[in-house]
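Written out below as C-alpha cells is the structure these notes cover.
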Amino acid sequence: MAIKLQELAGRLGVELRGDGERYVHRVETLVRADDASLCFFGDRKYRAELSATRAAAVILAEPDVEFCPVAVLVSTNPYLAYAQAAQLLYPEPAVTGGLHPSAVVAPDACIDPSAWIGAMVVVEEGAEIGPRVFAGPGSIIGSGCRIDEDSRLVARVTLCTGTQVGKRVLIHPGAVIGREGFGFAKDGERWVRIPQLGRVRLGDDVEIGANTTVDRGALEDTLIADGVKLDNLIQIGHNCHIGENTAIAACSGISGSTRIGSNCTIAGAVGMAGHLTIGDDVHFTGMAMVTRSVTEPGLYSSGIPAMPNAQWRRNLARFRRLDGFARRLKSLEEKQDQTNIELQQEPE
Amino acid sequence: MAIKLQELAGRLGVELRGDGERYVHRVETLVRADDASLCFFGDRKYRAELSATRAAAVILAEPDVEFCPVAVLVSTNPYLAYAQAAQLLYPEPAVTGGLHPSAVVAPDACIDPSAWIGAMVVVEEGAEIGPRVFAGPGSIIGSGCRIDEDSRLVARVTLCTGTQVGKRVLIHPGAVIGREGFGFAKDGERWVRIPQLGRVRLGDDVEIGANTTVDRGALEDTLIADGVKLDNLIQIGHNCHIGENTAIAACSGISGSTRIGSNCTIAGAVGMAGHLTIGDDVHFTGMAMVTRSVTEPGLYSSGIPAMPNAQWRRNLARFRRLDGFARRLKSLEEKQDQTNIELQQEPE
Amino acid sequence: MAIKLQELAGRLGVELRGDGERYVHRVETLVRADDASLCFFGDRKYRAELSATRAAAVILAEPDVEFCPVAVLVSTNPYLAYAQAAQLLYPEPAVTGGLHPSAVVAPDACIDPSAWIGAMVVVEEGAEIGPRVFAGPGSIIGSGCRIDEDSRLVARVTLCTGTQVGKRVLIHPGAVIGREGFGFAKDGERWVRIPQLGRVRLGDDVEIGANTTVDRGALEDTLIADGVKLDNLIQIGHNCHIGENTAIAACSGISGSTRIGSNCTIAGAVGMAGHLTIGDDVHFTGMAMVTRSVTEPGLYSSGIPAMPNAQWRRNLARFRRLDGFARRLKSLEEKQDQTNIELQQEPE
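Taken in order, these protein sequences are the chains called A, B and C.
Converting from the first sequence to our numbering requires adding 8 to each position, the first position being numbered 1.
Converting from the second sequence to our numbering requires adding 8 to each position, the first position being numbered 1.
Converting from the third sequence to our numbering requires adding 8 to each position, the first position being numbered 1.
As C-alpha cells, this is what we get:
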C-alpha cells in the first residue's frame, strides 16, 4: 500500500519537512532503502548510514534532522511514529467471513458471519466467536470458549474449555490457553489430581506468543489483563494475574498464584516462584530468579554473567568457601582489634 | 453432580460433624461459597475467611474445627480429601466409543470400540488403542504406538513412532512424545545425525504437560515411570529414566541419559546436565543448576535471588574479584600472624 | 536392512579385522547385542561390557582392539563411523510422492510430484514444495513458503508466511518457524505492535527441534545457516543470525538481533541478551547467562551449581554482604598497614 508523505504526516501527527506529494510504498532499513522507502532512525551508532540513505523519507527526532539528506518526519517518539506508519503501509488483511469446508463446527457453536473459521479448525459445543475473528488453520476452540471481535488466532492455537478471549487479541501458533493447571495432593507417595475448575480470561489487546502456555485457575480464573504482551515459550501457572500492559519476554516462567502488577517488563528466561505479589512498574532483567514479592517499583536483577570457564571455576571454588571467608574475616577483625588494644597498651 | 454430605464423608473416609442430609453441588473458595458449596481450609492466614464462610461444609483438620461456623469434614490430610471430593463432584465425562468422521485411521490400526478418536486425529499403521482411550482433536498417533486403557490425549498431542503409553495417562495439548533425540557425531565441522532407535515408554498414571517434549532413546528406551507428573514446557532428553511419582515443574530441562529416582520433586526451570544419577527423595528448588550426581536424599538449591539492580551490580563486581579477595585475605592472615609474632617479641 | 561386514567396512572407509562375510542386521548396546548386532565402543568405563559382548562386530579405536572378543571395525573417529553405519542399517524410508486426500492445498501452490503432502496438511497460496519433500501430518505451510528438496517436516510443523527452507532440513513436531517477532513501540503505557516484515531463512542440513520457535525478522530476515542444529524448546528472536554448524541444546533462548558465529556449541538453557555478537568457535556451558558480546574463541560459563539447601542459604547470605566484605577487607588492610607502620615506629 502506498501513501503520500503529506497524508502520512497528518495521520501520525508529526511534522513533515520535504516534498509532501511524494509517495512511500514500504518501510526499509537505511542501507537498503530506495526512493519509495520510509525509514526509521533512532540509534546514533548508525549516523553514517543515515547520512548516506537514499530513502524517500526518514522518521526521526529533532536533533537528528541535520544529519538526514532526505525528507524527514520529525517526532518526539520516532519509534512509535514508525510503528504506526508501518501499520498503515502493511495493514492486516481484512477478514472475510466464512467457514473452510474442512472445519468441524459443533451445531450449537455461535459464530458471527463476519468471522473466518479456517482449514482444519475444530469449534466445540457452545463456543461463541465474535465479529471479524480470524481462526487460522488447525486451531481448536474448546467447548464454551468465547472470542471477542477482531481477535486473531494465527494458526494451530489451542483454546481449552471455557477460555475467554477479549477484543483485538493476537495468539500465535502452538499456544495452549486454559490447560488444567498442575495441582495435586499427596496420597502417600502417589499424586492425586485436583480438578482445575477455573478458566483463563484474556483481556483486550493481549498478545500470546508461539508455544506459550497459560493454565486455567484451580477455582478462580487466571487473568491476563488488557494490553499484556507475552512472547514465545512462556509458562503462566494457574491463578496468576498479570496486570495491564505488562510485557514478558520469551522463556520466562511464572509459577501458580503469583500476581504481577501493571506496566511491568520482565525480560527473557525470568523465573518466578508461586504466590508472590509483584507491584506496578517493576522491571526484571533477563534470567532473574524471583523468590520474594517485590512491591517497590524499580529494576531488579540476578545472575552472574558468563566468563571464561577457567575464571568461572576459580570464582566458583571461592563462592563455595564464602562462608569460611566470612569467618576468617571476622576472626581477623577481632585479632586486629586485639592488636590495636595491645598496641595502645604498649609502653611508650 | 450433587452429593449428600453423609455419603461424601463415607466415600472420603473422614468424619462429618453437621447435617449429613445436606447436599453439596460444587467446590468453591471460602469467600464465594454459598449453601451448596464445599470448601477446603488449609492455610491459617485465611482464618477470618473461614469464620465468615457461608459454605455448606468445609474440609479441614481437627485444630481448625473450632473456627468453622458450618458443617465440617475432618481429615488428617484435608488437601487429599479435598482433591478426592472435587473428583467426585466433577467426574471426567465418560468416553463414548467411536471415530469422528474427519479422523484419518490406518486400516491396520487396532482401536478398541470403547475408545474415542476425535476430529482431525491421525492414527498411523499398526497403532493399538485400548479401551476408553480419549484421543482429543488434532492428535497424531504415530505408527506402532500403543495406548493403554483410560488414557486421555486432551487435544493436539503428538505421539511419534513407537511410543508406548500406560493406563490412565493424561497428556496435554502440544506435547511431543518420542521425537528423535539430539544425537550427532562430528565429521570435521559437520554434524552427522545418529539414528535414534529407542522409544519412549510412559508408565501408568503419568501426566505430561502442554508443549512438553520427551525424546526417544538412542538405542534403549526413554522411561517415564508410573505416577510421574510433568508440567508444561519441559524437555526430557533421550535415554532419561524418571522414577516413580517424581514430579517436575514447568520449564525444566533434563539432559540426555540422566536418571532420576523415585519421589523426587523438581521445581520450575531447573536444568540438569546429562549422564547424571539422582537418587530417590531428592528435591530441587526452582532454577537449580544441577551439574553433578546427587545420591543423598534432601533439598538442594542454587541461584542468587533477584535484588535491586544497583546492589546486584555492586555485588557482581565483587564476585568477579572473589579470587583476589581470597588472596588478600590470606595475605592479611599471614601478616597478622607476623604482627602477632612481632608483638610477642616486643620488649615488655 | 542387513549388510555384510566387508561391504560395511568399505562404505565407512574403516579397517575390518574379522570375518567379512558375516551380516549385521541392527545396532545394539554391547550388553544386549547378539550375533546379528553391530556395536559401538567409545567409553573405557564400559570395558568389561566390551570384553563380554556377543556382538557380530564392534566399531572402535585402535587402542581398544585388544579388549574386543569379536570382529572389529577400526576407526580414527569411531563415533562418526557408528553414525554412518546406523544410517546405512536404518535408512529413512524413501518418500512416495502424492497428496493425502485430507490435505488442503491452495490451487496456486507449486508442489513437486515426488513430494508427499500428508494427512491434515494445509498448504497456502503460492507455496513451493520441492522434490522428495515430506510434509508430515498436521503441518501448515503458509503462503509464499518455499521448501527445497529432501526436507522433512516430521509432523505438525508450522511454517508461517514466507519461510524459506533449504535442502535436507529436518523439522520436528510443534516447531513454529516465522512467527511475527516481539517488537513494540510504547504509546504512553500501551504497546503498539511493529509489523514484522522479514522472513526466516533456514539453510541446508538444518535441524529444528520439537516446539522450538524461530521468529521472522523485523525488516531483514532471520538467518539459520547451513548445518545448524537446534534442539527442542529453543527460542530464536527476530533478526538473529546463527552461523554454520552451530549447535544449540534444548531450552536455550537467543534474544533478538544477536549474531552467533560458526561452529559454536551452546549447551542447554543458555540465555543470551539481544544485539550481541558471538564469534566463531565460542562454546557455552549449560545455563550460561550471556550479557555481553564474546569475540574470543573458547569455553564460557556461569551459574553456581546446586548444593545442599542449608549450605546455599549460608552462602547466599554471605553473597548479599559481599559488598560489605570488600569494605571490611579494605579497612583491615589499611589498619594492618597502620599497625605495621606503628610496629616499625616502636622503640627498639
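Note that beta-carbon positions come from the ideal geometry of N, C-alpha and C, so glycine has one too.
- Rounded to whole angstroms, the gap between the alpha carbons of residue 308 (chain B) and residue 312 (chain C) is 12 Å.
- Along the stretch 170 to 195 of chain B, going in chain order, the ones with a CB nearer than 7 Å to a CB of chain A are 180, 181 and 182.
- Scanning the stretch 115 to 196 of chain C for uninterrupted beta strand (DSSP E) segments of 3 residues or longer gives 184 to 188 and 192 to 195, listed from N- to C-terminal end.
- Taking a contact to require three or more Cβ pairs closer than 8 Å, the stretch 265 to 277 of chain C and the stretch 249 to 256 of chain C qualify as touching.
- Within the model, the alpha-carbon separation for residue 160 (chain C) versus residue 120 (chain A) is close to 38 Å.
- Interface annotation, residue 281 (chain B): in contact with chain C, CB-CB separation under 7 Å.
- In this structure, DSSP gives residue 49 (chain B) a state outside helix and strand, which the three-state scheme calls coil.
- With a minimum length of 4 residues, the unbroken runs of alpha helix (DSSP H) contained wholly in the stretch 298 to 347 of chain C fall at 317 to 328.
- Exclusion of the five residues before and after residue 279 (chain A) leaves 261 and 297 as the residues of its chain whose Cβ lies within less than 6 Å of its Cβ.
- For residue 241 (chain A), the secondary structure class from DSSP, reduced to helix, strand or coil, is coil.
- For residue 314 (chain B), the chain A residues whose C-beta falls within less than 7 Å of its own C-beta are 292, 296, 297, 298, 308, 309 and 310, listed in chain order.
- Of the candidates C:153, C:127 and C:103, the residue whose Cα lies closest to the Cα of residue 146 (chain B) is C:127.
- The contact set of residue 219 (chain C) on chain A, defined by CB atoms closer than 8 Å, consists of 182, 219 and 241 in chain order.
- Out of A:204, A:82 and A:79, the CA that lies nearest to the CA of residue 100 (chain B) is found in A:204.
- Interface criterion met: the Cβ of residue 323 (chain C) is under 7 Å from a Cβ in chain A.
- Residue 265 (chain B) is a Cβ neighbour of residue 282 (chain B), given a cutoff of 7 Å.
- Identification of chain B residues near residue 327 (chain C) by a Cβ-Cβ cut-off of 8 Å yields 312, 323 and 327, ordered along the chain.
- Under a criterion of Cβ atoms nearer than 7 Å, no residue of chain C is adjacent to residue 141 (chain A); the nearest Cβ is some 18 Å distant.
- Rounded to the nearest whole angstrom, the CA to CA distance from residue 78 (chain C) to residue 11 (chain C) is 17 Å.
- The continuous alpha helix (DSSP H) containing residue 19 (chain A) extends over residues 13 to 20.
- Under the three-state reduction of DSSP, residue 65 (chain B) is assigned to strand.
- Residue 340 (chain C) sits away from residue 210 (chain A), with the two beta carbons spaced by 7 Å or more.
- Taking 7 Å as the threshold, the shortest C-beta distance from residue 199 (chain C) to chain A falls below it.
- Between residue 257 (chain C) and the set B:230, B:191, B:240 and B:284, the nearest pair of CA atoms involves B:191.
- In this structure, residue 213 (chain B) keeps its C-beta atom at 7 Å or more from the C-beta atom of residue 154 (chain B).
- Look at the stretch 332 to 352 of chain B: the residues with a C-beta under 8 Å from a C-beta of chain C are 333, 336, 337, 340, 343, 344, 347, 350 and 351.
- Interface residue (Cβ-Cβ distance to chain C less than 7 Å): residue 146 (chain A) is classified as such.
- Boundaries of the beta strand (DSSP E) harbouring residue 198 (chain A): 198 to 201, taken from the DSSP string.
- Minimum Cα-Cα distance from residue 187 (chain A) among the listed residues B:196, B:149 and B:215 corresponds to B:215.
- At least one CB atom of chain C sits nearer than 7 Å to the CB of residue 164 (chain A).
- Annotation: Cβ neighbours of residue 203 (chain B) in chain C (cutoff 7 Å, chain order): 94, 95 and 98.
- Against chain B, the beta carbon of residue 90 (chain C) has neighbours under 8 Å at 193 and 202, listed in chain order.
- Shortest Cα-Cα distance from residue 9 (chain A) to any of A:88, A:98 and A:24 involves A:98.
- Put simply, the backbone Cα of residue 292 (chain C) is about 33 Å away from that of residue 169 (chain C).
- Contact between residue 162 (chain B) and residue 137 (chain B) is ruled out by a C-beta separation of about 15 Å, above the 8 Å threshold.
- Taking a contact as a CB-CB distance under 8 Å, the pair residue 287 (chain A) and residue 234 (chain A) does not count as one, their CB atoms being some 18 Å apart.
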